[in-house]
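Single-structure report; data block below.
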Amino acid sequence: MKRYTDRQWMESMRISFDFNNMMADVIGEEEGIKKEDLDSMEDQLKAAAQAMSIKRKEGKMDWRDLPYDQDNVVEDILKTASEIKKEFDAFVLLGIGGSALGPIAVQQALNHLHYNELSREQRGGNPRFYVVDNIDPERMEALFEIIDVEKTMFNVITKSGSTSETMAQFLIVWNMLKDKLGRRFKDHIIATTDKEKGNLIKIAREYGLKTYYIPAGVGGRFSELSPVGLLPAAVCGIDIREMLAGAAFMDEICEAENVYDNPAYMAAALQYLAMRAGKNISVMMPYADSLKYMADWYAQLWAESLGKRYNLKGEEIFAGQTPVKALGVTDQHSQIQLYTEGPFDKVITFLTVGRYRTSMDIPEGFEDIPAVSFLGGHTLNELISAEQAATEYALLKAKRLNRTINLPEVNAFTVGQLLYFMEVETAFAGELLGINAFDQPGVEEGKNATYALLGRPGYEEKKAELDARPKKKDEYII
Ligand code: PA5
237 MKRYTDRQWM ESMRISFDFN NMMADVIGEE EGIKKEDLDS MEDQLKAAAQ
287 AMSIKRKEGK MDWRDLPYDQ DNVVEDILKT ASEIKKEFDA FVLLGIGGSA
337 LGPIAVQQAL NHLHYNELSR EQRGGNPRFY VVDNIDPERM EALFEIIDVE
387 KTMFNVITKS GSTSETMAQF LIVWNMLKDK LGRRFKDHII ATTDKEKGNL
437 IKIAREYGLK TYYIPAGVGG RFSELSPVGL LPAAVCGIDI REMLAGAAFM
487 DEICEAENVY DNPAYMAAAL QYLAMRAGKN ISVMMPYADS LKYMADWYAQ
537 LWAESLGKRY NLKGEEIFAG QTPVKALGVT DQHSQIQLYT EGPFDKVITF
587 LTVGRYRTSM DIPEGFEDIP AVSFLGGHTL NELISAEQAA TEYALLKAKR
637 LNRTINLPEV NAFTVGQLLY FMEVETAFAG ELLGINAFDQ PGVEEGKNAT
687 YALLGRPGYE EKKAELDARP KKKDEYII
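Residue numbers for the sequence shown follow our numbering, beginning at 237 and rising by one.
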């Protein structure tokens, strides 16, 4: 029996959301959120919860079905992953934003922290894994210096099928593979994209590339539980069925319409009230290196979903909360000074781990130096947990809003829960703000300007607009 079918085990792995330090009766009236404020939102919360349910029923939140409706896809992915394992030394993901951040976060969370440096045997026979989510030429060249393209599988991922950065990488790889492998080049590329839209699907069909589809109603930043994240994870030996089971478990919890029963709704409601009180910065601070890139994934999800100029009524509201990534304990020595004594404009979210996957003793020593010797006899586990508790206390004392999401341990089941929790929180926050959390109109201007600068047909007018922009003044460049 798989452990993720054992209800008792699943319950023992339930992630928890502790919002004590958001509340006025804990952190103080001046900064804390009053229960009355939350209760006075009852109608708004109910309306938002109902809107979420209705949208889901109407098929407008397809990402919520990902934990359930992918049996055939999962079968196929597992088969492909085992074939890749037999033939390839490296698996390279070409993609950006929502097509890259989830796979990076999950790989970091669930595989060895130095996965690529392990021997093939230590990696369970799985290939090395690289994600190229930038177009820095030095990075691209550096990659080609350490992989053998003849033994590499490239997974090009783009939902829109037209993202310039990804398509530029794809062109480079396509040509290189053709040069080196002749007609066999196609066996080294897997496309993950929309079934109908975009250019990648056209190319994939024309050349008969192995292709996985991102369901139509699943946007980039909500796509980690689709083939976007599942294929790379499976190739690296991660139990994707367990991850999906974790997401389904959290989905059950998130069915509750009452915020007091629904941790993701509660999390969103409190962030909404915090934003209204001017807390415009959301810091995500995992106390585990394995969760370090969850903060990156969350940053995109939160920023791109909620950072909106207009609400659904077309009114200008300039919504959003700036996400900041931090790592405990590392950033205690870099950012915590600001969080405890700087402006009262932040909510800090701790991501904590109940049981680390290993334990390390700190040996006794230097008995003549008590300020060092007191560490001996403890473990690094105790130290990191104590530092998190101490930082939380320092923030509480300084009346800084903070909350804690605890994972009993980091495994595929809890990571699935965490991803799903944060997606629901984000969508619900979008409902409360009255915005469309699933589009990103603000990135269009920059994209169009890039097309114009590189001479893409159809962007001549934009090019003229750019040419007419004010010239930079030399006096302001020193
Ligand atoms: O969340 C989103 O939709 C975006 O951030 C996209 O993921 C990002 O722009 C990459 O897009 P695509 O997957 O279409 O290449």
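For each residue, glycine too, the CB sits at the ideal point set by N, CA and C.
{"Asked": "Residue from L417, L655, A626, M246 whose Cα sits closest to the Cα of V565", "Found": "A626"}
{"Asked": "Where L655 falls, given that 16 or more other Cβ within 10 Å makes a residue buried", "Found": "buried"}
{"Asked": "Cutoff 6 Å; reference R292; Cβ partners in own chain excluding five residues on either side", "Found": "R300"}
{"Asked": "Residues near K270 by beta carbon distance below 6 Å, same chain, minus five either side", "Found": "A260"}
{"Asked": "Chain-order list of residues whose beta-carbon lies under 6 Å from that of A535 (same chain, five-residue window excluded)", "Found": "P559, K561"}
{"Asked": "Runs of alpha helix (DSSP H) lying entirely within the region 395-421, each at least 4 residues, in chain order", "Found": "400-417"}
{"Asked": "Beta carbon of D721 nearer than 7 Å to that of P451", "Found": "The displayed coordinates of the chain run from 237 to 714. Any statement about residue 721 would go beyond what the structure contains."}
{"Asked": "Bridge-paired residues (DSSP) for L643", "Found": "V589"}
{"Asked": "Buried/exposed call for G556, threshold 16 Cβ in 10 Å", "Found": "buried"}
{"Asked": "Run of the beta strand (DSSP E) containing M520, from where it starts to where it stops", "Found": "517-522"}
{"Asked": "Counted within 10 angstroms of its Cβ, other Cβ atoms place N362 as buried (16 or more) or exposed", "Found": "buried"}
{"Asked": "K214 beta carbon near the ligand PA5 (any heavy atom closer than 6 Å)", "Found": "The chain is shown from 237 up to 714; residue 214 falls before or after that span and cannot be answered."}
{"Asked": "I326 - containing beta strand (DSSP E), residue span", "Found": "Going by the sequence as given, residue 326 is Ala instead of Ile. 326-330 is the extent of the beta strand (DSSP E) around A326."}
{"Asked": "Straight-line Cα distance separating R692 from E294", "Found": "38 Å"}
{"Asked": "Endpoints, the beta strand (DSSP E) within which I439 is located", "Found": "Taken as a continuous stretch (DSSP letters only), I439 belongs to no beta strand (DSSP E), being part of the alpha helix (DSSP H) at 435-443."}
{"Asked": "P367 and L329 closer than 7 Å at C-beta", "Found": "For clarity, residue 367 is Val in the given sequence; the question names Pro instead. Yes, Cβ-Cβ distance for V367 and L329 is below 7 Å."}
{"Asked": "R636 beta carbon near the ligand PA5 (any heavy atom closer than 6 Å)", "Found": "no"}
{"Asked": "Stretch pair the region 540-551 + the region 667-682: three plus CB contacts closer than 8 Å", "Found": "yes"}
{"Asked": "A427 vs L417 beta-carbon contact at 7 Å", "Found": "no"}
{"Asked": "Candidates M502, A504, Y523, V454, of which the one nearest P303 by Cα", "Found": "V454"}
{"Asked": "M457 beta carbon near the ligand PA5 (any heavy atom closer than 6 Å)", "Found": "First, the residue type needs correcting, since residue 457 is Arg and not Met in the sequence shown. Flag set: Cβ of R457 near the ligand PA5."}
{"Asked": "CB of S252 within 7 Å of CB of N642, strictly", "Found": "yes"}
{"Asked": "Continuous beta strand (DSSP E) assignments of at least 3 residues falling wholly in the region 295-382", "Found": "326-330, 364-368"}
{"Asked": "Close Cβ partners of A317 (< 6 Å) along its chain, the five nearest in sequence each way excluded", "Found": "A470, V471"}
{"Asked": "Straight-line Cα distance separating A700 from M389", "Found": "41 Å"}
{"Asked": "Reference Y491; option with closest CA among Q244, R239, E661, Y449", "Found": "Contrary to the premise, residue 491 reads as Glu rather than Tyr in this sequence. The candidate whose alpha carbon is nearest that of E491 is E661."}
{"Asked": "Beta-bridge partners of A427, as assigned by DSSP", "Found": "V392, T447"}
{"Asked": "Spatial distance of W410 from A326 (CA atoms)", "Found": "16 Å"}
{"Asked": "Residues that DSSP places opposite E552 in a beta bridge", "Found": "Y546"}
{"Asked": "Spatial distance of E265 from E552 (CA atoms)", "Found": "31 Å"}
{"Asked": "Coarse secondary structure for I584, derived from DSSP in three states", "Found": "strand"}
{"Asked": "Residue nearest to A285 in terms of C-alpha spacing, selected from L337, E319, P499", "Found": "P499"}
{"Asked": "CA nearest to the CA of V646, picked from H348, D254, S289", "Found": "H348"}
{"Asked": "Continuous beta strand (DSSP E) stretch holding V560: start and end", "Found": "558-561"}
{"Asked": "Helix, strand or coil at T615 [DSSP, three-state]", "Found": "strand"}
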